[in-house]
Every structure is written in C-alpha cells, then in structure tokens.
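Residue numbers (the UniProt record's numbering): 1 to 334.
Reading through the structure tokens given below for one structure.
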Amino acid sequence: MKDIFNLLKQGSKSSLIASIVNFIIAGLKGVAFIFTANVAMFAEMMHSLGDAINQLFVYIGSSLSKKAPTERFPFGFGRLVNLVCLFAIIVVAILSYETIREGIHHIVEPLPTETDTTMLLINIGVLAIAAILESFVLYKAGKEVLEQAGQPYGGLKPLTSSFVHLSRAKPATKLVFMEDTVATAGALLAIIAILIARFTGFAPSEGIASVIIGLMMFYIVYRVFMENAAGVLGEHDPHMEERISQIVLRHDAIEDIRKLFVLKEGDNLHVEVVAEIDPDLTSREVNDIRNEIEKIIMEQKHVTDVNMEFELNDGKRTWPETQNEMDQKPGQDA
C-alpha cells in the first residue's frame, strides 16, 4: 500500500486537480439541468463529466507509469499512461456522441424558451462559475506546458504562448490543457446560446450549442487517440534529437554522428547514440568521453537512460551540421 501511495504522489498534479474541479463542475451543472431542463446545460454536464473521468484515468496512468522496471518488464512502465488514455477516451467518445445526439434532437424539436428569470440566472450563474474554474485549471496547465518546454511562463503567457509549445509538453499535461481549453470555450458558448434563446426566442440555439460542444469533444477524442496510439507504438522526439545532437557534436573528440534516436515512452525519453571518433584515441580516453557526454544528456528533462557507442571516423559526413556546429567547437578557428 505504501508503494502505491508513493507512486500516486508522482502522478500528474494538473490531471488530479483538473479531475476534482471537473467532478465539482459536473455536479453543479447536473443540479442546474434537473431544475431547468436546459439542453445546453446537459451538454456541458456531459462534457465536464467526460473530462473528469478522463483526467482521473490520466492521473492514475501517469502515477503507475513511474513504477520502476522489473525483471518481467525491464524497460519500465512508461507507456502505461498512453494505454490508460486510450481506454479513457472511449468514455469521452460515448459522451460526445450522446451530447451531439441530444443536441440534434432539440434542434429538430426544440423545447419552449425558458422565460423564468430565476431559472435563467441559475443557468448563467452555474456556467459562469464553471468558466472561471475551468480557466483557472487552464492557466495552471498552460504554465506547466511552458515549464516543460523550457519557456518563460509569467503573466498571461500560459494562456497565449502555450498553444505554440504544446507539442513539447508531457502527455498528461497536454491532455489537461486541450480539454480545459474546450471546456472553457464550451461554457462561454452555452451562456451565449441560453441568452440568444431567452432574448430572441430562437429556441434551437441551445441544441446548436450542444452539437458544437459535442463536436469539440470529438476533436479532443481524435487528438488524444492519435497521440497516445503513437505513444503506445513508440515514437521518436525530433526536438530532443536535435538538442542531443548539439550536445554530442559540441564535444571536441566527436567527429560525426552516425546514428541518433530518442524514443518517447510516456514521460520518459530513451536515448541511443552512435558517434564517430578519431581512431588514435585510447580506450581510456573513449570511456572518459562517453561518461562526460552521457552525464550531460542525463541532465536533460525526462531522459531516463542513454546508450552511447562509438565507431571510427570514416571521413564522410552523416549527421547534418546544426547551428554552424554550435558556433564551432571550442578550439576551432572560424
């Protein structure tokens, strides 16, 4: 039991916070829907419930993925977070379908527009609270995105620059950020639909909002499925490969890189490098070079292991030069 609690402590905090917040929001929306029978509120309730379930699964998966390698699973459990996300997204897909179906039903057969001011205030109030809470989680997730991407995250940057660097975030953080972006937008859209129905008498507006919210949920389903399917299969990380190549080529003794591959497994990165060196180097010098470079690589975020091998320089350029060989290696003339 102690081991389980230790693993849970290492899980994605943003996923846990987002899950708790979304369960609370789903409850508020559910109560509002019971009192008002508002279809836009129903769509928002389903959306929040789907997000809460998904983010809870992600939190559990991200925790278990930190489990140390065993004899049976020597490469660890890094991809478990991707498997859990794939399972959780099925739930969200079902909720997305129900949201769209309910929306279409109310477009075809719209309910009479609610004229009771109290009911209107309940709907608007609950959705406004939801939008505020969702934006808080979105800001926190955006901050984590920028932190993981090595970017400044002060001021409003988590709500603006995060979209540019989203691809470099951890799977769990990326999921929370995408879901809460849609959740915040969905709450605002539902408010607009309710106001349109109330003051213009256009009752289908709520059904239209429900369909749009459901389609946004399906977009999240698509993105999460594609990214985590790639994670389960094992994909390379081009950004980190470029960074690792710069580290390797910066060393005086490295003539070229014959092979470099960075494999992503959940939050973990596994690095494989085959570099070319001068044939006159001694075994002791080669070991010192390996230790020095591997130490720097292991200091990079999310890198869990490095396998570095050497081949003799064949005189042919294999790896493309980057940034003028990092502004030229120390000791070289311009």
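Beta carbons are placed, not taken as given, at the ideal position from N, Cα and C, and that holds for glycine.
Open item on the list: Just to confirm, is the Cβ distance from V58 to A172 under 8 Å?
Closed with: Taking 8 Å as the cut-off, the Cβ atoms of V58 and A172 count as close.
Open item on the list: Does the structure place the stretch 220-237 close enough to the stretch 104-121 that three or more beta carbon pairs sit under 8 Å?
Closed with: Too few Cβ pairs lie closer than 8 Å, so no.
- [ ] Could you spell out the range, first to last residue, of the alpha helix (DSSP H) harbouring L49?
- [x] Run containing L49: 39-64, per the alpha helix (DSSP H) assignment.
- [ ] Use the C-beta contact count for L95: other C-beta atoms within 10 angstroms, 16 or more gives buried, fewer gives exposed.
- [x] Counting the other Cβ atoms within 10 Å of the Cβ of L95 gives 16 or more, which makes it buried.
Open item on the list: Using a 10 Å radius around the Cβ and a threshold of 16 neighbouring Cβ atoms, would you call H236 buried or exposed?
Closed with: Burial call: exposed.
- [ ] To the nearest angstrom, report how far apart P110 and A203 are at their CA atoms.
- [x] A straight-line Cα-Cα distance of about 6 Å links P110 and A203.
Task: One or two residues paired with K259 in a DSSP bridge - done: Under DSSP, K259 shares a beta bridge with V274.
Task: Residues near A253 in its chain [Cβ-Cβ closer than 6 Å; skip 5 each side] - done: I277, I289, listed in sequence order.
Task: Contacts around I296, its chain only, beta-carbon distance under 7 Å, and the 5 residues preceding and following it disregarded - done: Correct list, in chain order: I247.
TODO: Between the Cα of M240 and those of A169, L133, M46, spot the shortest distance and give me the residue it belongs to.
DONE: Here the closest residue by C-alpha is A169.
- [ ] With a 10 Å radius around its C-beta and 16 neighbouring C-beta atoms as the bar for buried, classify S222 as buried or exposed.
- [x] The question names Ser, but residue 222 is Tyr in the sequence shown. Exposure of Y222 is indicated by the presence of fewer than 16 other C-beta atoms within 10 angstroms of its C-beta.
- [ ] Indicate the three-state DSSP secondary structure (helix, strand or coil) for T318 in the structure shown.
- [x] T318: coil per DSSP, three-state reduction.
Task: 8 Å Cβ cutoff met for N22 and Q55 - done: For N22 and Q55, yes; Cβs fall inside 8 Å.
Open item on the list: Using only the alpha-carbon positions, how far apart do Q323 and R243 sit?
Closed with: Bear in mind that the predicted position of Q323 carries a pLDDT of just 47, short of 50, making it unreliable; the figure below should be weighed with that in mind. Distance between the alpha carbons of Q323 and R243 is about 11 Å.
TODO: Mind the definition here: the stretch 297-316 touches the stretch 263-274 only if three or more C-beta pairs lie below 8 Å; say whether that holds.
DONE: They touch, by the three-pair rule.
Open item on the list: Tell me the rounded alpha-carbon separation between I194 and L166.
Closed with: Distance from the CA of I194 to the CA of L166, rounded to the nearest whole angstrom, comes to 32 Å.
- [ ] Let me know the alpha helix (DSSP H) ranges lying completely inside the stretch 74-112, each 4 residues or longer, listed in chain order.
- [x] As far as the stretch 74-112 is concerned, its whole alpha helix (DSSP H) runs of at least 4 residues are 80-108.
- [ ] Please name the residue in N38, L156, V92, G155 whose C-alpha comes closest to that of H105.
- [x] Nearest option by C-alpha distance: N38.
Task: Cutoff 6 Å; reference K316; Cβ partners in own chain excluding five residues on either side - done: The answer is none, since no qualifying residue turns up.
Task: Completely contained alpha helix (DSSP H) runs for the stretch 136-192, where each covers 4 or more residues - done: Correct list: 157-160.
Task: Range of the contiguous alpha helix (DSSP H) that encloses F202 - done: Boundaries for F202: no alpha helix (DSSP H) harbours it, and the DSSP string shows neither H nor E there.
Open item on the list: If you measure between the beta carbons of residue 349 and D51, is that distance less than 8 Å?
Closed with: The structure shown does not extend to residue 349, since the chain is modelled only from 1 through 334, so no value can be given for it.
- [ ] Enumerate, from N- to C-terminal direction, the unbroken alpha helix (DSSP H) stretches of 4 or more residues contained entirely within the stretch 204-254.
- [x] Within the stretch 204-254, the runs of alpha helix (DSSP H) at least 4 residues long that lie entirely inside it are, in chain order, 204-233, 238-250.
Task: Whether G161 touches L175 by CB criterion (8 Å) - done: In the sequence under discussion, the amino acid at residue 161 is Ser, which differs from the Gly named in the question. By the CB criterion at 8 Å, S161 and L175 fall outside the cutoff.
TODO: Pull up the distance between the alpha-carbon of N123 and that of I53, whole angstroms please.
DONE: The straight-line gap from Cα to Cα measures roughly 23 Å.
Task: Range of the contiguous beta strand (DSSP E) that encloses N307 - done: For N307, the enclosing beta strand (DSSP E) covers residues 303-312.
Open item on the list: Determine whether the beta carbon atoms of residue 337 and K259 lie at a separation below 8 Å.
Closed with: Lying before the first or after the last residue shown, residue 337 is absent from the chain, which here runs from 1 to 334.
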